[in-house]
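Chains A and B, in that order, give the protein sequences. Each residue of the first sequence is one higher than the one before, starting from 495 at the first, in the numbering used here. Each residue of the second sequence is one higher than the one before, starting from 15 at the first, in the numbering used here.
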Amino acid sequence: MGALHLGILALALVSVVVSGYAVWRDKPLEWRFSLPAAVAPVGAPVFERVFDYSVSEGVAHAPAILLEEGGARIVWFEGSAEAQPDVDIHSVELTRGPDGWQAGESAAYFTRDDLGAAMEPRQLVVTLGNVVENEAREASVYATVVSVGGWAMASVAEVEMGADGPVSARKLNLSPFLNRSHLVKSPMVGYADGSHALPAYFEMGGTHGTLVRFDEAGRVRDTRRIAGPAKMIQTMIVPLDERRAVAFLRDFDRSDRLWVSRTEDGGQSWSVAERTEMANPSAPVAAVGLGDGRIVMVANDLEGAGDLRLLASDDEGASWRVLTVVEPDAAGARYPMLRRVGDQFLLTYSHDNKRGIRAVVFNATWVAAQ
Amino acid sequence: MSGVLANIALGIVLAWVVFALAGWVVTPGLAVGLGVVVALAMVGLARDTLVPGGLVALLAPFGVMLPALALRHMGGSLGLPVVAFGTVEMIVFLGLYVAFLAASMGVLPVDPYRLGYAPIPVGVMVLAVCFYGALTGNPFLPLVAVLGQVAWVMGWGSSNWFDYVLHVVMVPVAVIVLVQRALGG
Numbered sequence: 495m496g497a498l499h500l501g502i503l504a505l506a507l508v509s510v511v512v513s514g515y516a517v518w519r520d521k522p523l524e525w526r527f528s529l530p531a532a533v534a535p536v537g538a539p540v541f542e543r544v545f546d547y548s549v550s551e552g553v554a555h556a557p558a559i560l561l562e563e564g565g566a567r568i569v570w571f572e573g574s575a576e577a578q579p580d581v582d583i584h585s586v587e588l589t590r591g592p593d594g595w596q597a598g599e600s601a602a603y604f605t606r607d608d609l610g611a612a613m614e615p616r617q618l619v620v621t622l623g624n625v626v627e628n629e630a631r632e633a634s635v636y637a638t639v640v641s642v643g644g645w646a647m648a649s650v651a652e653v654e655m656g657a658d659g660p661v662s663a664r665k666l667n668l669s670p671f672l673n674r675s676h677l678v679k680s681p682m683v684g685y686a687d688g689s690h691a692l693p694a695y696f697e698m699g700g701t702h703g704t705l706v707r708f709d710e711a712g713r714v715r716d717t718r719r720i721a722g723p724a725k726m727i728q729t730m731i732v733p734l735d736e737r738r739a740v741a742f743l744r745d746f747d748r749s750d751r752l753w754v755s756r757t758e759d760g761g762q763s764w765s766v767a768e769r770t771e772m773a774n775p776s777a778p779v780a781a782v783g784l785g786d787g788r789i790v791m792v793a794n795d796l797e798g799a800g801d802l803r804l805l806a807s808d809d810e811g812a813s814w815r816v817l818t819v820v821e822p823d824a825a826g827a828r829y830p831m832l833r834r835v836g837d838q839f840l841l842t843y844s845h846d847n848k849r850g851i852r853a854v855v856f857n858a859t860w861v862a863a864q
Numbered sequence: 015m016s017g018v019l020a021n022i023a024l025g026i027v028l029a030w031v032v033f034a035l036a037g038w039v040v041t042p043g044l045a046v047g048l049g050v051v052v053a054l055a056m057v058g059l060a061r062d063t064l065v066p067g068g069l070v071a072l073l074a075p076f077g078v079m080l081p082a083l084a085l086r087h088m089g090g091s092l093g094l095p096v097v098a099f100g101t102v103e104m105i106v107f108l109g110l111y112v113a114f115l116a117a118s119m120g121v122l123p124v125d126p127y128r129l130g131y132a133p134i135p136v137g138v139m140v141l142a143v144c145f146y147g148a149l150t151g152n153p154f155l156p157l158v159a160v161l162g163q164v165a166w167v168m169g170w171g172s173s174n175w176f177d178y179v180l181h182v183v184m185v186p187v188a189v190i191v192l193v194q195r196a197l198g199g
């Protein structure tokens, strides 16, 4: 055995030691979903608009809900047009007091330059897109960032927020192709050990949903695909019990139907997505489980101007009934996000073809009364 | 740490690009020198300007392989001993890597990229690379694989080991080398 082979043998031994350390340190992932307490109708029915914001020019679109002490924050992207290099993230704080919900002043939440400077390693950020809360960490969000090209060249960045903007940020490592083409839209999914998974989606070529799992340091530890014969994006996952969940998917092409995939092993594997009978004009949906197989969903219809409807299911999404049309008199209400805030539900969406943001709260009593 | 390593990798890649361009008109030694000067200037003095920021946004994570290939190329031109990759070896690599990229991007129903997040598959793959290096008598790939594994475990960059040992820039680089060999260059 020559020096060369001795050297390679030494490298192999180093690798064995490093592997042993990595295996010892690695914590197996929990694959049992966390289920929030079932929501029961209590008190008087509530359905009220709590925030209404419009821009005179440009776009304000893709609102997300970040839960905060005493209320919530709604964040959205705003600029001259979608995917343009003047788009920044804006937000408004909603507080819930004895007199109901109060909206503060909307303002910039963070800018592209803020984010580029906070990024590790420092890098150019050209435009920003959908944001969702990082529910595993305080004051942290996942943002869709683009440095080159359009949405198909986007990456997902974890952004830690301070009092004056981003303190640190790093891109999640989700793709071997220059770490490109993943975006976020829907809230995270909780697991029984307190960890969370991020529903992301891959938008280049053969699109698919991705369930992203993290290690304790918040680094990507595993991913699972949610795919089908259509161009599946913007996965919205609703756990049904510890092991079962349903994922609603938008078809990026115009099949004009909502697609569904299911898991029975906590998200480790997902059925091939199937086309449902529910109309959908290639638009994302938002949904929340109420427990006992009940789901509330917000989704656009093919009727009217793509009416944004609030729907309910009592059989795990097998059938739906319409509760109301959220914006009966306004066209272009889209991109809903729906989250539970205490005993109420907060719904936000963009309106008038991306020209503003609105938010509505309702409760289980109102749902039961429809 | 990942920021420091990214800056080092950026500098090496910038030096490589300058070396490759300047190498057409000046001696290898001068081309390497020019590359080092430009890289130091860009990373040391102009890191927050558009070009370095854009290159990091475009190419990061750089990993270990890309800067290692750059150093190997420049070192070889200066007369350091380098074991060349075989033509068949590069053709097989190119085919496997393109298939890997396609599968990871959803063209195939399997996702090999996710193996790069898990310690045991990574450990097996690194040992397989070491075995291959021993068979071919080339320590370059085992060195890159193990350095990549150490950096991956330490969290000095990507959370996926494949990002340390592969980079899509290797596709055009491999194609250019193969074309040069086909043309007798």
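In this text, a Cβ means the ideal position worked out from N, Cα and C, and glycines have one as well.
For the pair of segments examined, the stretch 638–653 of chain A was found not to touch the stretch 80–96 of chain B: the number of CB pairs separated by less than 8 Å stays below three.
Going by beta carbons, methionine 655 of chain A and arginine 674 of chain A fall outside the 9 Å limit. Counting the other Cβ atoms within 10 Å of the Cβ of serine 548 of chain A gives fewer than 16, which makes it exposed. Glutamate 103 of chain B sits in a helix when the DSSP states are folded into three classes. Nearest to valine 820 of chain A by alpha-carbon distance, out of A:Ser813, A:Glu810 and A:Leu832, is A:Leu832.
Using beta-carbon distances, proline 123 of chain B counts as an interface residue toward chain A, with a partner under 9 Å. DSSP lists A:Gly659 as the beta-bridge partner residues of glycine 656 of chain A. Interface flag for glycine 699 of chain A against chain B is set, since a Cβ pair is found closer than 9 Å. For a Cβ distance threshold of 7 Å, residue set Leu498, Gly501 and Ile502 of chain A lies close to proline 153 of chain B, ordered along the chain. Contact with chain A is absent for alanine 60 of chain B, since none of that chain's Cβ atoms lies less than 9 Å from the residue's Cβ. Cβ-Cβ distances below 8 Å link alanine 806 of chain A to Arg788, Ile789, Val790, Met791, Trp814, Arg815, Leu817, Val861 and Gln864 in the same chain, with the five nearest sequence neighbours on each side left out; the list follows chain order. Residue contact check for methionine 119 of chain B against chain A: a CB pair falls below 9 Å.
At least one CB of chain B lies nearer than 9 Å to the CB of asparagine 673 of chain A.
Residues of the stretch 560–580 of chain A with a C-beta atom less than 9 Å from some C-beta of chain B do not occur.
Between valine 70 of chain B and leucine 622 of chain A, the C-beta gap is not smaller than 9 Å, which leaves the two residues out of contact.
Glycine 169 of chain B reaches chain A at Ala711 and Arg713, counting residues in chain order whose Cβ is nearer than 9 Å. Contact check for tryptophan 764 of chain A and serine 776 of chain A: beta-carbon distance about 21 Å, past the 8 Å limit, so the pair fails to qualify. Against isoleucine 22 of chain B, chain A offers no close residue; the least beta-carbon distance is about 10 Å (beta-carbon pairs closer than 7 Å).
Judged by DSSP secondary structure, threonine 859 of chain A falls within the alpha helix (DSSP H) whose first and last residues are 858–863. In this structure, leucine 734 of chain A keeps its C-beta atom at 9 Å or more from the C-beta atom of glutamate 629 of chain A.
It is roughly 15 Å from the alpha-carbon of proline 822 of chain A to the alpha-carbon of alanine 853 of chain A.
Within the stretch 616–691 of chain A, the runs of beta strand (DSSP E) that reach at least 3 residues and sit entirely inside it are, in chain order, 621–627, 634–640, 648–656, 659–665 and 676–678. Residues of the same chain with a CB within less than 6 Å of the CB of arginine 707 of chain A, apart from the 5 flanking positions on each side, are Leu523, Ala691, Arg715 and Asp716 in chain order. The distance from the Cβ of alanine 516 of chain A to that of proline 156 of chain B is about 18 Å, inconsistent with a contact at the 8 Å cut-off. Relative to the Cα of aspartate 687 of chain A, the nearest Cα in the group A:Trp518, A:Val855 and A:Trp525 belongs to A:Trp525. Each residue's CA atom was taken as its position, placing valine 540 of chain A and phenylalanine 839 of chain A some 10 Å apart. Taking 3 residues as the minimum length, the beta strand (DSSP E) runs contained wholly in the stretch 694–757 of chain A are 702–708, 714–720, 726–733, 739–745 and 751–757, in order along the chain.
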